[in-house]
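Structure record follows, encoded as structure tokens.
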Amino acid sequence: MSTLIIADHDLGVLSPATARVIHAVAELGPIEVLVLGQDTTAVAAEAAKLAGVTKVIVAHSAGTADGDVQVIETLAPRYTYLVQSAGSVGKDRMPRLAARLDLMPVTDIVGILGPTRFTRPIYAGNALQTVTDNQPQHILTIRASAFRAAAGGNDSPIEAIDVPVISAAKLIAQHRTESNTPDLATAQIVVGGGVALGYSENFKLIEQLAKKLGAAIGATRAAVDAGYAPNDWQVGQTGKIIAPDLYIAIGISGALQHLAGIQGAKKIVAINSDPEAPLVKLADVALIGDLFEIIPQLIAELEKAGVNR
Amino acid sequence: MKILVAIKRVVDHNVRIRVRPDGTGVETSGVRMSMNPFCKHAVEAAVQLSEAGQGDEIVIVSIGPKAANDVILTALAMGAHRGILIETDAELETLAIAKLLAKVVAEESPDLVLLGKQAVDDDSNHVGQMLAALTNRPQATFASVIKLVGQSLEVTREVDSGTETVSIPLPAIVTADLRLNTPRNAALPMVMKARSKPLAVRPAAEFGVGLAPRLIIEKISPPAERMAGKTVGSTSELAAYIASEISQMEAL
Ligand SMILES: Cc1cc2nc3c(=O)[nH]c(=O)nc-3n(C[C@H](O)[C@H](O)[C@H](O)COP(=O)(O)OP(=O)(O)OC[C@H]3O[C@@H](n4cnc5c(N)ncnc54)[C@H](O)[C@@H]3O)c2cc1C
């Protein structure tokens, strides 16, 4: 009964999601981590430090689904569980892997009730499914925000392997959103902005507040569609799922597809001109008024209160 | 380029669903149903490729009960040419759906298969990737731009770090994200015309695919309710609340 976790990483840095996936499945058996990609020395070293990891395997890959899945498939027979976070890479690779192995995957897991019992949200989080997976092998994706991170301090061995792959797909360009804010999916505080901001320039107000609070920035689909925020800031059923200690939603109505992404938030603050907005009804604390007046005042008040992160 | 588009009939995305009190599922009787929004973007993409002279025949396939004819008719009204309903009243798992679609791909030999990236009922986000595996074709999921370049597609994908562009040779599988296009509402003459387009109804059993579920769904439960909150009267009260939340957070 051992587990292979496929690491998430970007720009030579291990994603915080992976430590959470490791912690989530720690009870299921000994864990090995597979790091796929190019120039992954630092990523592998980070993964090797995480508690519960017995070995890190490094393999070259060109970053395409068909190529990556070939590597995972050659390693698959050794493991009972094949697991990745339910981020955009895991969502892309794991169902392909599952079909190759003739297995039905269990994805977007938010609860592990036992070796073969899991819970996962459906209908934008408006219902929870409890499933039992009695297949001989298990392909899982884990919603990282639903779990805590594994501790560090470990020093597991790193082994490089060479698996020749033939990928029909070619990665030809990548566009990253430049931002020095924390990782949205695992941030402690998130400030979210909606289409009410009106212009992309106005989104800077959200960014200023986020900076003051050391928060990540989120956005609604309507704000992303309007071009005020990049696509990777979208929170919701079809964007990122967040579970911060504090979510501050500004000019966001609270459509069910947006709420799907914030159910794990411990405390929710809403700033909205409409007292009837669903998010105002749902929030722990709401302030009714015009965001363009409130945000600058709020930044000044937080300054006065000595908040600086 | 021949295009196959797979579409799903789901509870309309505006409906606030109710979990049945006995935990057996979500109430779907008497609830408004419609084409899964992501599938609509996939149909629109096919029609736009066709209008640009890059697509020939567009075949629509849906797997579901007889009533799924509705969503096929919607797709035909949007501009697709022919429909196939694989009829079943069973709620099939995504792996079984992908296996049925693989049979249709073998019959139809499309150059491109378009699907929605996920269905808003089970939120699985599996079928395109599984179909790509079963048909041994390259995949480009979560597409926001699709360009035909010679015998390949250049697809821009929305990913967690921003966007990336992949080149995939045809035949290939692409799944649609919401920013790919704006789906049209078919005009009445197109709706009328759709009724005269060919629509084959075939029982799922005809395809000789194992459809038995692999997972056991024990129960469906509603999510935890949130405690009701309060409204504060001023920005300074709000700032005080945020400051105290942060100091609690940092104390931990
Ligand atoms: C299949 C599907 C998937 C989707 N996925 C997502 C998703 O992942 N994430 C997502 O966010 N959405 C998603 N959506 C879209 C969702 O349904 C909503 O349209 C969207 O969330 C609304 O965004 P919004 O709150 O910014 O805009 P609106 O709903 O227009 O709300 C704007 C709010 O701002 C308030 N406001 C206006 N002016 C001011 C002011 N000056 N000061 C203060 N408040 C003000 C208004 O009272 C209102 O409450 C999806 C939709 C579909 C169909």
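Residue numbers (the working numbering), protein chains in the order written: chain G, 4 to 312; chain U, 980 to 1231.
Don't be surprised by glycine CBs; every beta carbon is placed ideally from N, CA and C.
_Cβ neighbour criterion (16 or more within 10 Å) applied to A1069(U)_ = exposed
*With 8 Å as the threshold, decide whether the Cβ of Y126(G) is near any Cβ in chain U.*
yes
*Would you decide whether A1166(U) is buried or exposed? Buried here means 16 or more other CB atoms lie within 10 Å of its CB.*
Classification of A1166(U): exposed, given that the 10 Å Cβ count is below 16.
*Residues that L1132(U) bridges to, as DSSP identifies them*: L1127(U), I1147(U)
*Would you say S91(G) reaches chain U, if we count a Cβ-Cβ gap shorter than 8 Å as a contact?*
yes
*Among the residues of its own chain, which have a CB less than 6 Å from the CB of N1182(U), if the five just before and after it don't count?*
As written in the sequence, residue 1182(U) is Pro, which differs from the Asn given in the question. Excluding positions up to five away in sequence, the list reads E1066.
*asked:* Let me check you understand the geometry: is the CB of H141(G) closer than 7 Å to at least one non-hydrogen atom of ligand 1?
replied: no
*Can you say whether Q1097(U) is buried or exposed, counting buried as having 16 or more other CB atoms within 10 angstroms of its CB?*
buried
*Expressed to the nearest angstrom, what Euclidean distance is found between the alpha-carbon atoms of F150(G) and A1046(U)?*
40 Å
_Residue burial classification, G1009(U) (beta-carbon count within 10 angstroms, cutoff 16)_ = exposed
_Does the contact criterion of 3 or more C-beta pairs under 8 Å hold for the region 70-84 of chain G versus the region 28-37 of chain G?_
yes
*Near ligand 2: R1181(U) beta-carbon under 7 Å from a heavy atom*: Because ligand 2 does not appear in the structure shown, any question about it cannot be addressed here, the ligands present being ligand 1.
*asked:* Is N234(G) a contact residue of ligand 1, with contact defined as CB to any heavy atom under 7 Å?
replied: no
*Return helix, strand or coil for P1182(U), following the three-state DSSP convention.*
strand
*Could you tell me if the beta carbon of N275(G) falls within a distance shorter than 7 Å of some heavy atom in ligand 1?*
The nearest non-hydrogen atom of ligand 1 is less than 7 Å from the C-beta of N275(G).
_Members of the region 1094-1109 of chain U near chain G, C-beta cut-off 9 Å_ = K1096, Q1097, V1099, D1100, D1101, D1102, S1103, N1104, H1105, V1106, G1107, Q1108, M1109
_ligand 1 and P124(G): does the residue's C-beta get closer than 7 Å to at least one heavy atom of that ligand?_
no
_Is the separation between the beta-carbon of V1038(U) and that of R1061(U) shorter than 8 Å?_
In this structure, R1061(U) lies closer than 8 Å to V1038(U) by Cβ.
*Using a Cβ cut-off of 7 Å, which residues of the region 289-303 of chain G contact any Cβ in chain U, in chain order?*
Of all residues in the region 289-303 of chain G, only A289, L290, I291, I297, Q300, L301 come within less than 7 Å of chain U when Cβ atoms are compared, listed by chain position.
_N- and C-terminal bounds of the beta strand (DSSP E) containing D136(G)_ = 130-136
*Closest Cβ-Cβ distance between G1141(U) and chain G: below 8 Å?*
yes
*Provide the residue span of the beta strand (DSSP E) that contains R179(G), from first to last.*
173-179
*asked:* Distance cutoff 8 Å, beta carbons only. Does K1209(U) sit that close to anything in chain G?
replied: So, interface residue.
*When DSSP labels each residue in this structure, what does N1048(U) get in the three-state scheme?*
helix
*Closest to L31(G) by CA distance: which of A229(G), G90(G), A130(G), L116(G) is it?*
L116(G)
*Check whether the Cβ of S1146(U) lies closer than 8 Å to any Cβ atom in chain G.*
yes
*On the premise that A51(G) lies in contact with V61(G), defined as a C-beta separation below 8 Å, what is that separation, rounded to the nearest angstrom?*
Not confirmed; about 10 Å, so no contact.
*For R81(G), the three-state DSSP class (helix, strand or coil)*: Of the three classes helix, strand and coil, the one that applies to R81(G) here is helix, per DSSP.
*Whole-Å CB distance - T1210(U) paired with I291(G), under 8 Å assumed*: 6 Å
*Tell me S948(U)'s beta-bridge partners as DSSP assigns them.*
This structure gives no information on residue 948(U), because the portion of chain U shown stretches from 980 to 1231.
*Quick one: grab the DSSP three-state call for G70(G).*
helix
*Would you check if the distance between the CB atom of I1063(U) and the CB atom of L1110(U) is smaller than 8 Å?*
Cβ atoms of I1063(U) and L1110(U): not closer than 8 Å.
_So the candidates are A20(G), T133(G), V166(G), T67(G); which of them puts its Cα closest to the Cα of A79(G)?_
V166(G)
_Cβ-based neighbour list, I125(G), same chain, cut-off 7 Å, excluding 5 preceding and 5 following_ = Once the five neighbours on either side are set aside, the close Cβ partners of I125(G) are Q132.
*asked:* If we require 4 or more residues per run, which alpha helix (DSSP H) segments fall completely within the region 183-252 of chain G?
replied: 206-216, 224-228
*Between the region 134-148 of chain G and the region 198-218 of chain G, are three or more C-beta pairs nearer than 8 Å?*
no
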